[in-house]
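A.B. asks: One structure, pasted below without further comment.
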Amino acid sequence: MNEAPVITIDGPAGSGKGTISQHVAKKLSWHILDSGALYRLVAYAALDKGCSFGDHDALADIARNLDVSFLPQQGGVLKVVLEGTDVSQSIRSESAGEAASKVAAVISVREALLERQRAFAEPPGLVADGRDMGTVVFPNATLKIYLTASAEVRAQRRLKQLKDHGLNATLAGLVSDIQERDARDMNREHSPLRPAADAHTVDTSNLSIDEVVSKVIGLYENR
Ligand code: CDP
Ligand code: CDP
Numbered sequence: 004m005n006e007a008p009v010i011t012i013d014g015p016a017g018s019g020k021g022t023i024s025q026h027v028a029k030k031l032s033w034h035i036l037d038s039g040a041l042y043r044l045v046a047y048a049a050l051d052k053g054c055s056f057g058d059h060d061a062l063a064d065i066a067r068n069l070d071v072s073f074l075p076q077q078g079g080v081l082k083v084v085l086e087g088t089d090v091s092q093s094i095r096s097e098s099a100g101e102a103a104s105k106v107a108a109v110i111s112v113r114e115a116l117l118e119r120q121r122a123f124a125e126p127p128g129l130v131a132d133g134r135d136m137g138t139v140v141f142p143n144a145t146l147k148i149y150l151t152a153s154a155e156v157r158a159q160r161r162l163k164q165l166k167d168h169g170l171n172a173t174l175a176g177l178v179s180d181i182q183e184r185d186a187r188d189m190n191r192e193h194s195p196l197r198p199a200a201d202a203h204t205v206d207t208s209n210l211s212i213d214e215v216v217s218k219v220i221g222l223y224e225n226r
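Using my numbering, you'd call the opening residue of the sequence shown number 4 and step up by one each time.
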């Protein structure tokens, strides 16, 4: 069993998990696990291979054999390479998130990804972001954070992200997408999105990125 310290950061779409994880990992010089990217990759690969989301055995096979590398880039952003192709951008769309949340409800897919996720816990430490990092994947984590924010605030953040990338969307459409994905992630049978019993919940609706990062680092230092 690896003894590297782990900080888990769970929460719904747009709560700031990815951004906060990158900043916290950079401050501590720790590794990072973007577990959502794994579910996005399984969905992407399944669509690419024409595999039906109803074929759970084929999905689990894809999850088990994912040939993926996460390459650190300047600024802390990870380049995601699937079978030699850079898919960093294509797996980030809202439709890829929606597809990810469908394959993420399949228990054999979750099981196939479990050990791969745990292997990221290497010294000097790991910041892991997702939905079940504190509840299932790293139940003994050093510090567990659960980020929240209202659906409206999260949709505003997504809208800004899309606009920054020259893409179009409506706020109402994004609120409805986010609520639909929240409901699927929170109400599924396996590893539903919920705070671990020992998680610190942080509502980021009115907090800047720096304020959230300071709070997480403060909780880690004073644990
Ligand atoms: O990973 P997750 O979907 O939870 O959220 P994200 O992609 O890290 O963050 C969504 C957007 O919210 C990013 O553009 C952040 O810059 C912004 N944001 C934030 O993460 N935290 C705040 N306290 C305020 C804004
Ligand atoms: O960044 P955002 O919160 O929008 O999505 P993500 O973290 O990349 O996750 C995409 C989807 O993967 C989520 O809606 C979940 O259904 C699923 N997921 C999961 O089930 N368990 C995780 N540990 C991470 C993601």
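Here a beta-carbon is modelled for each residue, glycine too, at the ideal position from N, C-alpha and C.
Enumerate in chain order the residues of its own chain whose CB-to-CB distance from residue 91 is below 6 Å, with the five nearest sequence positions on each side excluded.
C.D. replies: Locating residue 91 in the sequence shown gives position 88, counting from the first residue. Only 82, 83 meet the Cβ criterion.
A.B. asks: In the structure shown, what three-state DSSP assignment does residue 46 receive?
C.D. replies: Position 43 of the sequence shown holds residue 46. The answer is helix: DSSP assigns residue 46 an H, G or I state.
A.B. asks: Which residue comes first and which comes last in the beta strand (DSSP E) that contains residue 176?
C.D. replies: Indexing the sequence shown from 1 puts residue 176 at position 173. For residue 176, no beta strand (DSSP E) encloses it; the enclosing alpha helix (DSSP H) starts and ends at 174–190.
A.B. asks: Excluding five sequence neighbours on each side, which residues of the same chain lie with their C-beta closer than 8 Å to the C-beta of residue 215?
C.D. replies: The count along the sequence shown starts at 1 and reaches residue 215 at position 212. Excluding the 5 residues flanking it on each side, residue 215 has same chain C-beta neighbours closer than 8 Å at 19, 23, 150, 205, 207, in chain order.
A.B. asks: Considering just the uninterrupted stretch of the alpha helix (DSSP H) at residue 30, what are its terminal residues?
C.D. replies: As a position in the sequence shown, residue 30 is number 27, starting the count at 1. Taken as a continuous stretch (DSSP letters only), the alpha helix (DSSP H) holding residue 30 covers 20–31.
A.B. asks: Beta carbon of residue 188: closer than 7 Å to some heavy atom of ligand 2?
C.D. replies: Position 185 of the sequence shown, counted from the start, is the residue given in the question as residue 188. Residue 188: yes, Cβ under 7 Å from ligand 2.
A.B. asks: Give the residues whose C-beta lies closer than 6 Å to at least one heavy atom of ligand 1, in chain order.
C.D. replies: 14, 16, 17, 18, 19, 20, 21, 22, 160, 164, 207, 210, 211, 212, 215
A.B. asks: Taking just the CA atoms, how far does residue 15 sit from residue 70?
C.D. replies: What you label residue 70 is simply residue 67 of the sequence shown in a count that begins at 1. What you label residue 15 is simply residue 12 of the sequence shown in a count that begins at 1. Computed Cα separation, rounded: 27 Å.
A.B. asks: Roughly how many angstroms lie between the CA atoms of residue 102 and residue 40, to the nearest whole one?
C.D. replies: Translated into positions along the sequence shown, residue 102 becomes position 99. Translated into positions along the sequence shown, residue 40 becomes position 37. Cα to Cα, the separation comes out at about 12 Å.
A.B. asks: Could you check what DSSP says for residue 129 in three-state terms: helix, strand or coil?
C.D. replies: In the sequence shown, counting from the first residue as 1, residue 129 sits at position 126. Looking at residue 129 - three-state DSSP - the assignment turns out to be strand.
A.B. asks: Spatial neighbours of residue 104 within its chain, please: C-beta separation below 7 Å, excluding the five flanking residues on both sides.
C.D. replies: The count along the sequence shown starts at 1 and reaches residue 104 at position 101. So the qualifying residues of the chain are 184, 187, 188.
A.B. asks: Here's the rule I'm using: 16 or more other beta-carbon atoms within 10 Å means buried, otherwise exposed. How should residue 120 be labelled?
C.D. replies: In the sequence shown, counting from the first residue as 1, residue 120 sits at position 117. That one is buried.
A.B. asks: For a quick check, are the C-beta atoms of residue 133 and residue 217 less than 8 Å apart?
C.D. replies: Looking up residue 133 in the sequence shown gives position 130. Looking up residue 217 in the sequence shown gives position 214. No, they are not a contact pair.
A.B. asks: Between the Cα of residue 77 and those of 12, 6, 26, spot the shortest distance and give me the residue it belongs to.
C.D. replies: Counting from 1 along the sequence shown, the entry for residue 77 is found at position 74. The shortest C-alpha separation from residue 77 is found at 26.
A.B. asks: Among the residues of its own chain, which have a CB less than 6 Å from the CB of residue 48, if the five just before and after it don't count?
C.D. replies: Within the sequence shown, residue 48 is the residue found at index 45, counting from 1. Counting only Cβ-Cβ distances below 6 Å, and skipping sequence neighbours, we find 65.
A.B. asks: Can you tell me whether residue 12 is buried or exposed, with buried defined as 16 or more other CB within 10 angstroms of its CB?
C.D. replies: In the sequence shown, counting from the first residue as 1, residue 12 sits at position 9. Flag for residue 12 reads buried.
A.B. asks: Taking only runs of the alpha helix (DSSP H) that begin and end inside the segment 71–106, which ones reach a length of at least 4 residues, in chain order?
C.D. replies: 97–106
A.B. asks: Could you work out which residue in 178, 169, 147 is closest to residue 159 when comparing CA atoms only?
C.D. replies: Position 156 of the sequence shown holds residue 159. Nearest C-alpha to residue 159: 178.
A.B. asks: What whole-angstrom Cβ distance do residue 36 and residue 131 have, given they're in contact under 8 Å?
C.D. replies: For the purposes of this step, residue 36 is taken as residue 33 along the sequence shown, with counting starting at 1. For the purposes of this step, residue 131 is taken as residue 128 along the sequence shown, with counting starting at 1. The C-beta separation of residue 36 from residue 131 comes to about 4 Å, placing the pair in contact by the 8 Å criterion.
A.B. asks: For residue 147, report the span of its beta strand (DSSP E) as first-last.
C.D. replies: Against the sequence shown, residue 147 aligns to sequence position 144. Note, residue 147: beta strand (DSSP E), 146–151.
A.B. asks: Please state the DSSP three-state secondary structure of residue 59.
C.D. replies: Position 56 of the sequence shown holds residue 59. It is helical.
A.B. asks: If I measure Cβ to Cβ from residue 109 and keep anything under 6 Å in the same chain, skipping five residues before and after, which residues do I get?
C.D. replies: Taking the first residue of the sequence shown as 1, we reach residue 109 at position 106. 59, 62.
A.B. asks: Could you give the first and the last residue of the continuous alpha helix (DSSP H) run that contains residue 9?
C.D. replies: Position 6 of the sequence shown holds residue 9. Unbroken run through residue 9 is the beta strand (DSSP E), 9–13; no alpha helix (DSSP H).
A.B. asks: Determine the burial state of residue 74: buried for a count of at least 16 other Cβ atoms within 10 Å of its Cβ, exposed for fewer.
C.D. replies: Position 71 of the sequence shown holds residue 74. Classification of residue 74: exposed, given that the 10 Å Cβ count is below 16.
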